[in-house]
Amino acid sequence: MDFMSDQLFDGKRFRALTIVDNYSRICHAIEVGQSLKGIDEVKVMNQIKHQNGRLPERIQVDNGSEFISKEFDIWAYENHVTLDYSRPGRPTDNPFIESFNGSFRDECLDTNWLLSLEDAKAKIEFWRRDYNEYRPHSSLQGLTPNQVESG
1 MDFMSDQLFD GKRFRALTIV DNYSRICHAI EVGQSLKGID EVKVMNQIKH QNGRLPERIQ
61 VDNGSEFISK EFDIWAYENH VTLDYSRPGR PTDNPFIESF NGSFRDECLD TNWLLSLEDA
121 KAKIEFWRRD YNEYRPHSSL QGLTPNQVES G
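Quick note on numbering: the working numbering labels position 27 of the sequence shown as 27, and the sequence is numbered without any gaps.
Laid out in structure tokens, this is it:
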């Protein structure tokens with residue numbers, strides 16, 4: 001999990017919470033909002049749990065204030081999920097999300113004119129589905145993340 005920031009065409013800032021499985025490379029969610037907090041992480045993780053019927057045993061995160069919130073910590077404890085914090089200033093501790101975020105920025109955020117928060121959500125969700133369903137990955141021997149997840 002990681003956070004990214006960007007802006008709409010009018011300069012209004014927004015944030016995106018990206019959640020990617022390190023094994024299958026599937027992007028489970030990209031939550032977009034003006035301000036995202038620990039309670040938003042809990043909401044998204046509960047949606048993922050409901051959709052998939054399971055949760056990861058461990059989640060790699062950085063030491064940002066969003067990931068050390070009381071709400072997220074309680075959720076992790078109650079769901080038996082270990083929060084694996086990277087060392088401060090060491091993005092290489094979580095290389096898969098950093099690589100994903102680079103692709104997300106290059107292929108989606110930097111190539112789209114985002115007119116509103118709703119427009120950003122729609123374009124980002126379209127890109128996320130394309131990433132999971134149609135794009136083969138060399139690290140997955142030419143399979144898509146969905147093919148790995150279902151296989």
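All C-beta atoms in this analysis are idealised placements derived from N, C-alpha and C, irrespective of residue type, glycine included.
### Message
Taking the alpha carbon of residue 62 as the reference point, which residue from 124, 111, 43 and 2 has its own alpha carbon closest?
### Response
2
### Query
Between residue 105 and residue 78, what straight-line distance do the alpha-carbon atoms span, to the nearest angstrom?
33 Å
### Task
Could you pull out every residue in the same chain whose Cβ sits closer than 8 Å to the Cβ of residue 64, ignoring the five residues on either side in sequence?
3
### Task
Over the uninterrupted beta strand (DSSP E) stretch that includes residue 50, give me the two end residues.
That residue, residue 50, is in no beta strand (DSSP E); its alpha helix (DSSP H) goes 38 to 52.
### Task
Between the Cα of residue 97 and those of 19, 5, 9 and 10, spot the shortest distance and give me the residue it belongs to.
19
### Query
Out of curiosity, what's the CA-to-CA distance linking residue 100 and residue 46?
22 Å
### Message
According to DSSP, residue 33 sits in a beta bridge with which residue or residues?
### Response
15
### Message
Taking the alpha-carbon of residue 9 as reference, which of 29, 119, 58 and 134 has the nearest alpha-carbon?
### Response
119
### Task
Since I believe residue 145 is in contact with residue 39 (beta carbons under 8 Å), could you give me their beta-carbon distance rounded to a whole number of angstroms?
With a Cβ gap of about 27 Å, residue 39 and residue 145 do not count as contacting.
### Euclidean distance between Cα positions of residue 109 and residue 136
20 Å
### Task
For the beta strand (DSSP E) holding residue 148, just list the boundary residues, first then last.
From DSSP, residue 148 is part of no beta strand (DSSP E) but of the alpha helix (DSSP H) over 145 to 150.
### Query
Considering only C-alpha positions, which residue in the set 67, 33, 29 and 66 is nearest to residue 50?
29
### Query
So the beta strand (DSSP E) residue 85 belongs to, where does it begin and stop?
82 to 85
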